[in-house]
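What follows is the structure in structure tokens.
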């Protein structure tokens, strides 16, 4: 099989996989879920247990039922998720939210990890390119020189490396 | 009430008569600590002077080698002294010596014997003493093995003694474990009973988890000391890495076990149905694990290619500093945590010490950085070398994310005056994708050869894993695991599907690697595949042990992904009341009370039916500890590979007197604990020395020895 036809084959295979996944995804798009459950996992219980409201397991907790009741009332009043969050912050303070918001300085909490990851990724790629650009050092040169220029020999050496794992020992 | 007072006074008085031995033991313990501090200080000072003399070649009245040996012996004697102090504290716990404040606050007479040991680390002073003692043990072993490389070990021993000086100084001056009760005089009355151990700690794993974690924390002091020592003395070559490899792996294993035991403890004791809450103290243990794991991978680059020398040095420096930060977070109450058991003002001591350590590291690095020049360079972006770099990149990014999330409340308070909460939703959105990428690299890395690779090789190695990945995705979607709910993406299910798919791909890749190697050996030696796999593993234990560890990690990830499908139900249950969860129906057969000297308990007896047939019984319990006056849940867990049925006795309705039961169905949790077993096994395999061609040849029939030669040369 020539290179273009192989590429075509693999492209079609990937397309088929994506299509199957898309169909399967769309089949499950109607399952109902609890908004209360979702929201209660974005808020902290205020009893001092340092647990999410939806996970606070203290019997007789002075705050859990009260907060859940407020949450239910807000939802019944037709408030949006953001309005509910704002109402809780207004009443209990910013610590009631289980995660920083995306406003003001809080946004830094979300941006910093991805910024650091992106910078480190870029740095790593540049480092590898730079190292690669410097070329092989004496050991590499010696090793390359020692290897045969005969393609059959190279293939045999490659096979030995591959089969014995000498190319990839930990 | 009056009788109780009289009883306490009489008991107190009668105890006073035989309490002289208790005071004696407290004095003995305090002196042991003082002597240990003096010996550690001598070890540090004499060791530093001797090594300086050796380095400069200057003459002195005493031979520097002899001076260094006296320093080493002082270190050994210091271990004996710290052991004496630890013994004194344990003795005091067992003899109920409540004239010592620490014993009064963390023990009581009815405390079962195993938990008397746990009292050693249940409070700040005791856990610092445990740290110093474990450091003493590591130092003792290190100093006994000094003949491996006398000079390098002298450096490492001296650096360890510097760390020991810090901990002993804290114990002697800031957090003395043998302080007597305020106003207490020898022979005076003492309280009849102690306040008892924190109920959260009265669980079997708590007798193992903290020492394991501390063995991991403290253990990283050893590779740190070797790395810093090797840099100070400009140690030639990479031998120091081989010397410290066992130390690092054993330490890493202890930390891994400690973290997992902590997870299991949280799961079985806290009663909220989870095992990881991204609590600052949990994060504190996870961060050095991440950098330590990065170090274990990147040192291979240094060993094989002479690359990443500076990087490795800083990785181990960072790991050590993170263990200190972890202790600071746990002990100083810098951030609020569910289970920071001891909080105090010793934070300043730690901050100053960390500052000194950092300054020493930076100074040494700047002075000796010429020694850390990379010897070789990279040939391709797609190679084993670059996969190690990316592996390190992801591990360190994960570490940064966790550090950032842990410290952001403090930063936020400093910048905008209000504290924010950084809880599970933050980490789930930021750390989980990074973790999945890391798992992906776990599979990709071993498939790439050193130096460079070809498109053909990539295709050959990646076809099967990619097929496994897509088959898993399709199977997941077909059986109803869909990351799409109510027209929007359900991140939990989405990540779970991705995790299953990546896990399948990685498992396929690793198993294919085993089979490929075993197939070659099988063909060349006519062994069956199992025997060939065994030989393959023994031939390169480090490589294949590492693969087994990777399999363990993948199994753990599968278990973690199951949490996306957790379910729970809560109900008040009268006699013969029923509730259903998943395939199970729970029927209340009774609820009653029990008591012993240590606690009173309420518990329910629940029959669990499946398909109308009783299959087992669970008895969730809620205890009320008498000494501390605190309640504690004892969760009933029935675990099978598919899921855990997790039943909590939440309490009693005061109006009806009936128990409130909460049941969880947590899929795949057992896989997490099984994954740990695989990781431990893999680490042990990696620690075993590989068969050398010479020893292996002896075991192969002569006729088969010749064709085996290339095989035996492979690998390491």
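Protein chains in written order, with the working numbering: chain A, 21 to 190; chain B, 3 to 718. All C-beta atoms in this analysis are idealised placements derived from N, C-alpha and C, irrespective of residue type, glycine included.
- Pairing residue 419/B with residue 129/A, the inter-Cα distance amounts to about 15 Å.
- Residue 74/A has its alpha-carbon roughly 8 Å from the corresponding atom of residue 62/A.
- Beta-bridge analysis with DSSP links residue 645/B to 669/B.
- Look at residue 107/B here: in three-state DSSP terms it is helix.
- Between the alpha carbons of residue 71/A and residue 275/B lies a distance of about 12 Å.
- Distance from the CA atom of residue 537/B to the CA atom of residue 80/B, rounded to whole angstroms, is 45 Å.
- The Cβ-Cβ distance between residue 164/B and residue 87/B does not fall below 7 Å.
- At a cut-off of 7 Å between beta carbons, residue 178/B makes no contact with chain A.
- Under the Cβ criterion of 7 Å, residue 410/B is counted among the residues facing chain A.
- Not a single CB atom of chain B sits nearer than 7 Å to the CB of residue 102/A.
- Remark: three or more beta-carbon pairs, one from each stretch, lie closer than 8 Å, so the segment 111-119 of chain B and the segment 195-204 of chain B are flagged as touching.
- CA-CA distance, residue 254/B to residue 400/B, rounds to 17 Å.
- Linking residue 596/B to residue 606/B through their CA atoms gives a straight-line distance of about 11 Å.
- It is roughly 49 Å from the alpha-carbon of residue 239/B to the alpha-carbon of residue 95/B.
- Under the three-state reduction of DSSP output, residue 214/B falls in the helix class.
- Cβ atoms of residue 550/B and residue 687/B come within 8 Å of each other, at about 6 Å.
- Annotated as distal: residue 85/B and residue 48/B, with beta-carbon spacing of 7 Å or more.
- Between residue 200/B and residue 300/B, the CB-CB gap reaches or exceeds 7 Å.
- With a contact defined as Cβ atoms closer than 8 Å, residue 505/B and residue 424/B miss out at about 28 Å.
- If you ignore the 5 residues before and after residue 304/B, its C-beta comes within less than 7 Å of the C-beta of 240, 243, 310, 311, 314, all in its own chain and listed in chain order.
- Close CB contacts of residue 496/B within its chain, under the 6 Å cut and outside five residues either way in sequence, are with 485 (chain order).
- Residue 231/B sits close to residue 154/B, with the two beta carbons spaced by under 7 Å.
- Annotated as distal: residue 646/B and residue 624/B, with beta-carbon spacing of 7 Å or more.
- In terms of beta-carbon proximity, residue 420/B lines the interface with chain A, with at least one pair separated by less than 7 Å.
- With its beta carbon less than 7 Å from one in chain B, residue 64/A belongs to the interface.
- At least 7 Å separates the CB of residue 316/B from every CB of chain A.
- Residue 403/B belongs to the set of residues whose beta carbon lies under 7 Å from a beta carbon in chain A.
- At a C-beta separation below 7 Å, residue 271/B has no neighbours in chain A, since its nearest C-beta there lies roughly 12 Å away.
- Residue 528/B has no beta-bridge partner at all, per DSSP.
- Just so you know, the alpha carbons of residue 633/B and residue 271/B end up roughly 11 Å apart.
- For residue 671/B, not one C-beta of chain A is nearer than 7 Å to its own C-beta.
- Between residue 388/B and chain A, the shortest Cβ-Cβ separation is below 7 Å.
- Put simply, the segment 360-378 of chain B does not touch the segment 286-296 of chain B. Fewer than three CB pairs are less than 8 Å apart.
- Measuring C-alpha to C-alpha distances from residue 131/B to each of 39/B, 210/B, 522/B identifies 39/B as the nearest.
- Under the DSSP assignment, residue 605/B falls in the beta strand (DSSP E) whose first and last residues are 601-612.
- The three-state reading of DSSP puts residue 100/B in coil, since its state is none of H, G, I, E or B.
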